[in-house]
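S.K.:
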Amino acid sequence: MGIRRNVSIAVGLAQSIIGVFAAVFAFILYYNFSGIQTVLNIPQKDVLFYMLVLIVFGFVSIVGGLFLVNGQ
Amino acid sequence: MDNDQGESRLKKEHGFKRELGLLHATMIGIGGAISAGVFVMLGHAVALAGTTVIIALILCGIINLFTMCSYAELGAALPRAGGEYTYSKAAYGGFFSFFTGWFEWISNMFFAALSAVGFAYMIPYILPIEMPLTSVALIAIALIAVFTVINIRGVKEAGTTETAMMLILLAILLAYIVSGMTTPQAQNVQVYAPEGFFGVVKATSYIFVVFLGAEAVAVAQAEIKDPSKTIPRAILLSAAALIAFYTLVAFVTLRTVPSESLSGQSAPIIFAAEQALGKAGTVLLVIAGTIAALSSLNTSIMAQSRVAYAMSRDGYFPKVFSRIHDKFSTPHVAVVIGSIFTAVLAATGVINFVGYATDFGFIIGFALVNLSLMKLRRERPLIDRPFKTPLYPFTPIAGIVTSLFLLIFIDVGVLSLGLILCLLAVFAYYARMVGYLRFRIAFGGISLSLGFFITFLAYSIASGTMLLSGLSPTTARILLFILIITSVIQVAAGILNVTAKKGAA
């Protein structure tokens, strides 16, 4: 297994984990767990927008990361 | 399959049994449309249109009927599994048909999840028990599992279950209508439109969703007996029955309770039933609501599996989706995989928000079906058409215009979700149809762009160009740290994916 393959797996895993965190965070933000909207000073009317951005970002990161981990 | 002669051969779908008669098929159509939504949506519609909500419902029915005529013609001419997807495949093929099937598949899964959760939320109205969020999710998942088994065991079992549920539901609604018409406290319904004509239009757009789902007949069309006659009859019968039932239910509700009192009710029909029939009315209508939720769950599980099967048959989805069970003759793998997605959606609880995307998907589907009809009429005039849409081309054009008109009034958040679903469709299509490497490089490009954007964002915050108002210094520092790490990983991942070569990491 070459260096590039190892780096790809490490970076791919990190990217996928970031993606999962982004998607989970989108729901945390939506349900306002632990008053997260207040902590981050996000107005209620903008929550939908932030949620959409985080879900799209999460999706792209998970898929991109899986490409690197799978690496055919 | 490009010639019309070949089309008749397509009428036989391998593996499926034609077991559904006119009653079963009509009940699938009605059951697909009558969901728990109708029991709760009337209140807001009355707030928008007053007593002219009845006009709004009739308008919805007519708009629905325009497109149902197209479904009837195409369903009788191309009675293969897959419904809308099959029509657009015959008319356009390629991405257009994938797009149609994608929306149909996803919309039905969301609809199934919504119905399962809707049922769970109604249980406390019948049984004196507490219903925390976890229990709602567990009941919804258990329910999905039960209907998955019913749908695997055979279309006749699913169709019979649907027919039995719908007959009970329609009997309860009929009892409500008759009692509302004969109740001594009833009042005359005066014309009252608080927002005038615009209010009627807004109410039409808002309440149109209660008509969505009747096209489930088309999805199960490969399993309908004597399709050239039964499919158009079932589709048009269910569309007409829905207009009659909804209009009468709204009329009786307005006769029983003044429109001003209805607009604030979360479950206006149940409230009106209590006024007319007392406690027994509440119990009966709650039972009707739960049956409506169950029937739409059953229909949507069936619909999603047939779409997935058809897309797999044509190579858009993995082959495993098109496996037919040896004993039960159902696409069991497609049923199970779709149900797993549905259960996950139901478990997240976020479907109240995402579920609105179903409306977007169904309305887009309507426009695409009408377009498919017009293209097939022009380019393949010799296809055997046992039923022809009356007043062609006015009817499909009216179907397209009115469907798209309804989108104008859809909430901006729903349109954003629709846009995301469109993007996902593009990704899924190219992932499947375009080579692995090209798709990977494309994702690498997106990662790289995101990485640079986040780097710019982090630089702007660190240099003070962008101010994070209202955040404590500690939170701002944590946020900056997360952005830097994310940007580094995204850029690295982007470079690795963009420079990937075939057969290499």
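As they're listed, the protein sequences go chains A and B.
Quick note, our numbering runs 15 ahead of the 1-based positions in the first sequence.
Quick note, our numbering runs 348 ahead of the 1-based positions in the second sequence.
Ideal Cβ positions, reconstructed from N, Cα and C, are used throughout, including at glycine.
Shortest alpha-carbon distance to residue 435 (chain B) belongs to which of B:717, B:793, B:791 and B:507?
M.R.: B:717
S.K.: Between which two residues does the alpha helix (DSSP H) holding residue 22 (chain A) run?
M.R.: 18–46
S.K.: Pick from B:401, B:374, B:677 and B:747: whose alpha carbon is nearest that of residue 554 (chain B)?
M.R.: Comparing Cα-Cα distances from residue 554 (chain B) to each of B:401, B:374, B:677 and B:747, the minimum goes to B:401.
S.K.: Could you tell me if residue 602 (chain B) is buried or exposed, where buried requires 16 or more neighbouring beta carbons within 10 angstroms of its beta carbon?
M.R.: When all chains shown are included, residue 602 (chain B) counts as buried.
S.K.: Sort B:376, B:416 and B:484 by Cα distance to residue 713 (chain B) and report the nearest one.
M.R.: B:416
S.K.: Since residue 582 (chain B) and residue 743 (chain B) are thought to touch, with beta carbons under 8 Å apart, how far apart are those beta carbons, to the nearest angstrom?
M.R.: That pair is no contact at about 19 Å.
S.K.: In the DSSP assignment, find the unbroken alpha helix (DSSP H) run with residue 451 (chain B) in it and report its ends.
M.R.: 442–474
S.K.: Could you round the C-beta distance between residue 390 (chain B) and residue 616 (chain B) to whole angstroms and report it? I think they count as a contact, below 8 Å.
M.R.: 5 Å
S.K.: Give the residues of chain A in contact with residue 489 (chain B), contact being defined as C-beta atoms less than 7 Å apart.
M.R.: Within 7 Å Cβ-Cβ: nothing; residue 489 (chain B) doesn't reach chain A, min ~18 Å.
S.K.: Near residue 585 (chain B), which residues of its chain fall below 6 Å by C-beta distance, leaving aside the five closest residues on each side in sequence?
M.R.: 374
S.K.: From which residue to which residue does the alpha helix (DSSP H) around residue 728 (chain B) run?
M.R.: Premise fails: residue 728 (chain B) is in no alpha helix (DSSP H) and is neither H nor E.
S.K.: Could you check whether residue 848 (chain B) and residue 831 (chain B) sit closer than 8 Å to each other, using their CB atoms as the reference points?
M.R.: Cβ atoms of residue 831 (chain B) and residue 848 (chain B): not closer than 8 Å.
S.K.: With a cut-off of 8 Å, do at least 3 Cβ pairs link the region 450–469 of chain B to the region 727–738 of chain B?
M.R.: no
S.K.: Here's the rule: buried if 16 or more other CB atoms are within 10 angstroms of the residue's CB, otherwise exposed. What is residue 482 (chain B)?
M.R.: exposed
S.K.: For residue 788 (chain B) and chain A, any beta-carbon pair shorter than 8 Å?
M.R.: yes
S.K.: So what does residue 368 (chain B) bridge to, in DSSP terms?
M.R.: B:572
S.K.: How many angstroms separate the CA atom of residue 777 (chain B) from the CA atom of residue 661 (chain B)?
M.R.: 15 Å
S.K.: Taking contact to mean at least 3 C-beta pairs separated by less than 8 Å, is the region 505–520 of chain B in contact with the region 364–373 of chain B?
M.R.: yes
S.K.: Kindly indicate if chain B contains any beta-carbon less than 8 Å away from that of residue 29 (chain A).
M.R.: yes
S.K.: What do you reckon, are the CB atoms on residue 294 (chain B) and residue 645 (chain B) nearer than 8 Å?
M.R.: In the structure as shown, chain B starts at 349 and stops at 853, and residue 294 (chain B) therefore has no counterpart that could be examined.
S.K.: Going by beta carbon distance, what residues of the same chain come within less than 6 Å of residue 53 (chain A), once the five residues before and after it are set aside?
M.R.: No residues qualify anywhere along the chain.
S.K.: For the candidate residues B:403, B:786 and B:709, whose alpha-carbon lies nearest to that of residue 447 (chain B)?
M.R.: B:709
S.K.: Of all the residues that make up the region 622–641 of chain B, which are near chain A by a beta-carbon distance shorter than 7 Å?
M.R.: none
S.K.: Here's a check: name, in chain order, each residue in its chain whose Cβ is nearer than 6 Å to the Cβ of residue 808 (chain B), leaving out the five neighbours to either side.
M.R.: 814
S.K.: Which chain A residues are close to residue 841 (chain B), counting only those with a beta carbon under 7 Å from its beta carbon?
M.R.: 26, 27, 30, 79, 80 and 83
S.K.: Any beta-carbon of chain A closer than 8 Å to the one on residue 454 (chain B)?
M.R.: Chain A, which has no Cβ nearer than 8 Å to the Cβ of residue 454 (chain B), makes this no.
S.K.: Can you grab the Cα-Cα spacing for the pair residue 504 (chain B) / residue 71 (chain A), in whole Å?
M.R.: Taking the Cα positions, residue 504 (chain B) is about 40 Å away from residue 71 (chain A).
S.K.: If residue 667 (chain B) sits next to residue 439 (chain B), beta carbons under 8 Å apart, how far is it from one beta carbon to the other, in whole angstroms?
M.R.: In fact, because the Cβ distance is near 24 Å, the residues do not count as touching under 8 Å.
S.K.: Exposed or buried, residue 394 (chain B), counting other C-beta atoms within 10 Å across all chains shown (16 or more means buried)?
M.R.: buried
S.K.: How big is the Cα-Cα spacing for residue 452 (chain B) and residue 792 (chain B)?
M.R.: When the Cα atoms are used, residue 452 (chain B) and residue 792 (chain B) turn out to be separated by approximately 29 Å.
S.K.: Can you name the residues of chain B whose CB is closer than 8 Å to the CB of residue 35 (chain A)?
M.R.: Correct list: empty, because the minimum Cβ distance to chain B is about 13 Å.
S.K.: Strictly under 8 Å for the Cβ-Cβ distance: is residue 699 (chain B) near chain A by that measure?
M.R.: In this prediction, residue 699 (chain B) has a pLDDT of 49, which is less than 50 and means its spatial position is unreliable; what the coordinates show is noted afterwards. No, its Cβ sits nowhere closer than 8 Å to a Cβ of chain A.
S.K.: On the three-state DSSP scale, how would you describe residue 353 (chain B)?
M.R.: Low per-residue confidence applies at residue 353 (chain B): pLDDT is 40, beneath 50, and the placement is therefore not dependable enough to give any value.
S.K.: Using a Cβ-Cβ distance cut-off of 8 Å, determine whether residue 56 (chain A) contacts chain B.
M.R.: yes
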